[in-house]
Structure formats: C-alpha cells, structure tokens
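Remarks on the structure that follows.
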Amino acid sequence: MEDEGLATVLIALVHRQAEEVRPPRALWVPFPLGRPFGAAGNASFQRRVLKALLALFDEPAGPVLEVFPSEAPPDGGDRDILDHIAVKRHGPLLEEVDGLGPFHEASLRRRGRTTMGGSGFDAQGAARLLAEWLDGGACAMDMAGINRLRLAAEDLKTYYMEAATADGAARDGQAVTTWFWTRTAAGRTIDAVRRKCLESDSPTVRDAASYMFVPESVEG
C-alpha cells in the first residue's frame, strides 16, 4: 500500500516484533494483549491513543516506531471473582482447569460464544499437551511443534480469561492479566514452556518463544 502511495499506521503490542518487522509507521503501546487502546469504556484515554496513532501520518517516511508514553488506566470494578477462583480453585493444572469449568460455563451462557478453538483442543486437552511436552513428549522442538504449543497456550489463556470475566462486571484488565500469570497453575505452566523453548539450540525457536507465549509486561 505504501508503494502505491497510501500511507499506513499500526498499533503494536509486542515491541520486539515491531522492531524486527519494521512497518512504515507504528505506535507501540504498553497495554495487555487484546487491549490496543487501553482500558475498555474509557473513551477519553482511547482518544489519546488514537490521536497519537494518527499523528504518525505526519511522518513522511519510515520505518518509524513511536512509544506511547502512558500505561493504561485501570478499568475499576469488583475483583471478588478473581479472589474466589484463586483461593478456591488454585492447584495442579488439570485439577485447576476442572475447577474453572462452572465459571467458563457461566461465561458461555452469558456471552453465547467462546473465542477458544485455534488449537483444536478443549481446555483439558490444551493443558495436557503443555504438561506432557514439559515432561519430554508431545511436540518436537521445531517451529511446527512450537506453533502447536502456542495455539494450545492461547486457548488455555482464553479459557481462563473468559472464566474470570464470567460475571460480566467491569474489571481492571491488568488485574485479570496479573491474576493469570501470578496466581494460576496455567500461567506458571505456560511460562515454563517459554523458558524451556528459550533453551533450544535453534535460534529461530528461541526467538519465537521470546514473544509467542508470555506478554513482555509480565515476563520474569
């Protein structure tokens, strides 16, 4: 499109990926994945992000990678469901997935849909694939295998996020993200997969693992 004279801009959620791809004009935002404009329902903050993005059209040529200077404000809201899930259901991974079943079923009833499905596994299947791989089986440590693990990890994260928002209450998106990565067996398992991939002899696998599993904002 740029070659045809049509200027383009994009929002990047993974800084390293934007650096490597080198799009003509990009704005990196320090927000959780899935929140390119920050907190849901905060129109004034979202307008700030949009104005910063559109301002990149003033750049005649690139690549340009700007950094948005502010963290997203919290959504606000009640966090009781997170405390309940963490306190009552925290445990070994497969047991934890089973314990979240009623919450996810409530989410399905309220929303009428799920965004799981990329891996072809249900939550138990995705969890089992990740756990078995950590034990030395399931997938080869090549790009095809790593991509299979990534899709399973994404479906597992989706299952947890949908369960954690089953009540439909306004909730701080960062609180949900922090809950997942610091207070659940699933978060610890996915991070362990990332760390194991980073030990690969393949530079391609190590590079992919550095941004495919865990958001930059929560990497340890």
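Quick note on this note's numbering: the sequence shown kicks off at 798 and runs consecutively. Ideal Cβ positions, reconstructed from N, Cα and C, are used throughout, including at glycine.
Check                                                                                                                                                                      : Outcome
Which residue's Cα is closest to the Cα of Glu929: Asp952, Met913 and Leu890?                                                                                              : Leu890
Can you tell me the Cα-Cα spacing of Ser841 and Gly835, whole angstroms?                                                                                                   : 11 Å
Straight-line CA distance for Arg991 to Gly933?                                                                                                                            : 14 Å
Buried or exposed: Phe854, going by 16 or more other Cβ atoms within 10 Å of its Cβ?                                                                                       : exposed
If you drop the 5 nearest sequence neighbours on each side, which residues of the same chain put their C-beta closer than 8 Å to that of Phe865?                           : Leu824, Trp825, Val826, Pro827, Val846 and Ala849
Restricting to Cα atoms, I'd like to know which of Ala903, Arg819, Leu851 and Gly859 is closest to Met958.                                                                 : Ala903
Within the same chain, show all residues whose beta-carbon is closer than 7 Å to that of Arg907, passing over the 5 residues directly before and after it, in chain order. : Ala963 and Gly965
Would Pro833 and Leu810 qualify as a contact pair, given that the criterion is a beta-carbon distance under 8 Å?                                                           : yes
Reducing DSSP to helix, strand and coil, say where Arg980 ends up.                                                                                                         : helix
At which residues does the beta strand (DSSP E) containing Ala823 begin and terminate?                                                                                     : Arg822 to Trp825
Give a yes or no on contact between the segment 993 to 1006 and the segment 974 to 983, applying the rule of three or more CB pairs nearer than 8 Å.                       : no
Can you tell me the Cα-Cα spacing of Asp875 and Tyr1008, whole angstroms?                                                                                                  : Per-residue confidence for Asp875 stands at a pLDDT of 44, beneath the threshold of 50, marking its modelled position as unreliable; no derived number is given.
As a quick exercise: from Arg910, Gly898 and Ile943, pick the residue whose alpha carbon is nearest that of Ser916.                                                        : Ile943
With distances taken Cα to Cα, identify the nearest neighbour of Glu868 among Ser997, Phe977, Val806 and Gly970.                                                           : Gly970
Is DSSP giving Glu856 helix, strand or coil here?                                                                                                                          : coil
From Ala950 to His901, what does the alpha carbon distance come to, in whole angstroms?                                                                                    : 17 Å
What does a CB cutoff of less than 7 Å around Phe918 pick up in its chain, not counting 5 residues either side in sequence?                                                : Leu926, Ala949 and Asp952
Below 8 Å between beta carbons: does that hold for Leu897 and Ala972?                                                                                                      : no
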